[in-house]
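Asks: Residue 60 in the UniProt record's numbering sits at position 60 of the sequence shown, with consecutive numbering throughout.
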Amino acid sequence: MFLYQAKTKEKLPYWDRFPLVILIEKYSNGYLGLNLHYLPPKQRAMLLKRLMDLTNNSKLNTTTRMMRATYRLLSGAAKYKFFKPCLKRYLTSHMGKMIRVKPEDWQTAIYLPVERFQKKGKQSVWKDSIAGV
């Protein structure tokens, strides 16, 4: 989680000011990640449950890491279909300090109402996301 100021916010129909992101790729100037806020809580839980197959263990403790989540893997498997509206690129220069959510808190974090969508409300964003799956 981090504060974010979208670089192209004028062009975007909406964006999340406080994304809850599972990072999947790192670039020299930022990250590619899954912002779970783009899904309603029920679909967040479904996606997170399926993503647990990609962790190094099922303990949900300090040793747990998301190991194999890549764009190629996610786009090639129907069980990860809800990843599509969540996939976002974040530029480091537009990010605030990152707050790491501990694995033991993942299940709680997905239900916290901390999304801060700009330009549209969460219900509208979620409707668009589900329609795009």
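Yeah, the Cβ is synthetic: ideal placement off N, Cα and C, and Gly gets one too.
Consider the Cβ of Leu-34: report whether some Cβ of chain C lies at a distance smaller than 8 Å.
Replies: Protein chains in the displayed structure number just one, and chain C is not present.
Asks: How long is the line joining the alpha carbons of Leu-47 and Glu-25, rounded to whole angstroms?
Replies: Taking the straight line from one Cα to the other gives about 18 Å.
Asks: I'd like the span of the beta strand (DSSP E) that includes Leu-32, first residue to last.
Replies: It spans 30 to 35 - the beta strand (DSSP E) in which Leu-32 sits, taken as one unbroken run.
Asks: Rounded to the nearest angstrom, what separates Met-67 and Thr-55 at their Cα positions?
Replies: So the two alpha carbons sit approximately 5 Å from each other.
Asks: Where does the unbroken beta strand (DSSP E) through Lys-81 begin, and where does it stop?
Replies: Neither: Lys-81 is in no beta strand (DSSP E) and is coded neither H nor E.
Asks: At which residues does the beta strand (DSSP E) containing Arg-17 begin and terminate?
Replies: That residue, Arg-17, is in no beta strand (DSSP E); it is neither H nor E in DSSP.
Asks: Going by C-alpha distance, which of Ile-22, Lys-59 and Leu-112 is nearest Phe-83?
Replies: Minimum Cα distance to Phe-83 is reached at Ile-22.
Asks: How would you write the range of the alpha helix (DSSP H) that Lys-88 sits in, first residue to last?
Replies: Looking at the DSSP string, Lys-88 is not in any alpha helix (DSSP H); the run it does join, the beta strand (DSSP E), is 87 to 91.
Asks: Going by DSSP, name the residue or residues bridged to Tyr-27.
Replies: Bridge partners of Tyr-27: Gly-30.
Asks: To which residues of the same chain is Met-98 closer than 6 Å at the C-beta, ignoring the five residues directly before and after it?
Replies: Hits under 6 Å: Phe-2.
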